[in-house]
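First residue of the sequence shown? That's 17 in the numbering used here, and the numbers climb one at a time after it. Just so you know, even glycine gets a beta-carbon here, dropped at the ideal spot from N, CA and C. To keep things clear, I will list the structure first and then write my remarks on it.
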Amino acid sequence: MGWSIGSATPLALLGHPDAVPKDLYAKLEPSYRLLIFYDPPHLTFGYDQPPEGYNPWTDPDYPTPIELFDNFRYWCSGYYEHPGRSSRDVLKLNFSKRGERPSVDNMTAEEYAKNFDGLAASRCEFPMYFPMQPVLRVQAGKALWDEEAVRTVLPRVEVALLTCTAANWYCVYGFIETEKRYKEYLAKGAEVRPIRFIEIEGGNHFIHWDDPVAFWAATVKAINGN
């Protein structure tokens, strides 16, 4: 399982067959059958970002890296209503700067300090996401949509994508675009990697924190193939 853009990490195992010895794939083959994406944003797959959407990393109201991260944690962990989600209309998603009831407000200072290092994230982790997009685009294409790779690289591995209906627009767009591409490939008769889409109704990007029962119910559903 990978959470958020962390889903790109396990996807790398499927997306770079030239870098992984075949004997290692052979050792994994008997036991590896499912990759779970937990609410991945579009950045995971290298999708183009709609310019109309709010970008928390270029907001001029937050001029320093630590201020940008502080803004990001509230934006990322809020709850959003998306009028365009049911119709899969990306331009009708909620591009608000802040959502309701951010999950970070449900953490004590000790819990927050244990889970996040804002300074490290703002200096090192988040600045790499956008420069990485070309590589992640190729990786996702190879792992999910390339018929030869799907047929020869751990072909028994399927994907379950857990999508939270009230997450920020990055993650809802990630779901919409992945579902769209998957259906388009199937309509063409392409043998792409099987993907199941599992909705966590009313969940935000931190549903594992706010409602762990709902999170684990969706995870068990993915594992059991329901």
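> Which residues bound the beta strand (DSSP E) around T179?
Replying inline: It spans E174 to C180 - the beta strand (DSSP E) in which T179 sits, taken as one unbroken run.
> Around the Cβ of K158, are there at least 16 other Cβ atoms within 10 angstroms (buried) or fewer (exposed)?
Replying inline: Buried, because 16 or more other Cβ atoms sit within 10 Å of the Cβ of K158.
> Does the Cβ-Cβ distance between S23 and Y54 come in under 8 Å?
Replying inline: yes
> Within this structure, are the beta carbons of V175 and L51 separated by less than 8 Å?
Replying inline: Yes, Cβ-Cβ distance for V175 and L51 is below 8 Å.
> Can you find at least 3 beta carbon pairs, one from the stretch 38 to 47 and one from the stretch 121 to 140, that sit closer than 8 Å?
Replying inline: Per the Cβ contact rule, the stretch 38 to 47 is not in contact with the stretch 121 to 140 (fewer than 3 Cβ pairs under 8 Å).
>> For Y90 and R167, what's the separation of their Cα atoms in angstroms?
In response: The C-alpha of R167 is placed about 41 Å away from the C-alpha of Y90.
>> Which residue wins for smallest C-alpha separation from P46, given the options D227, H58, S103 and L170?
In response: L170
> To the nearest whole angstrom, what separates the beta carbons of L160 and T60, a pair I think is in contact under 8 Å?
Replying inline: Going by Cβ atoms, the distance from L160 to T60 rounds to 11 Å, so no, they are not a contact pair.
>> Please classify V106 as buried or exposed, where buried requires at least 16 neighbouring CB atoms within 10 angstroms.
In response: Only buried fits V106, as 16 or more other CB atoms lie within 10 angstroms of its CB.
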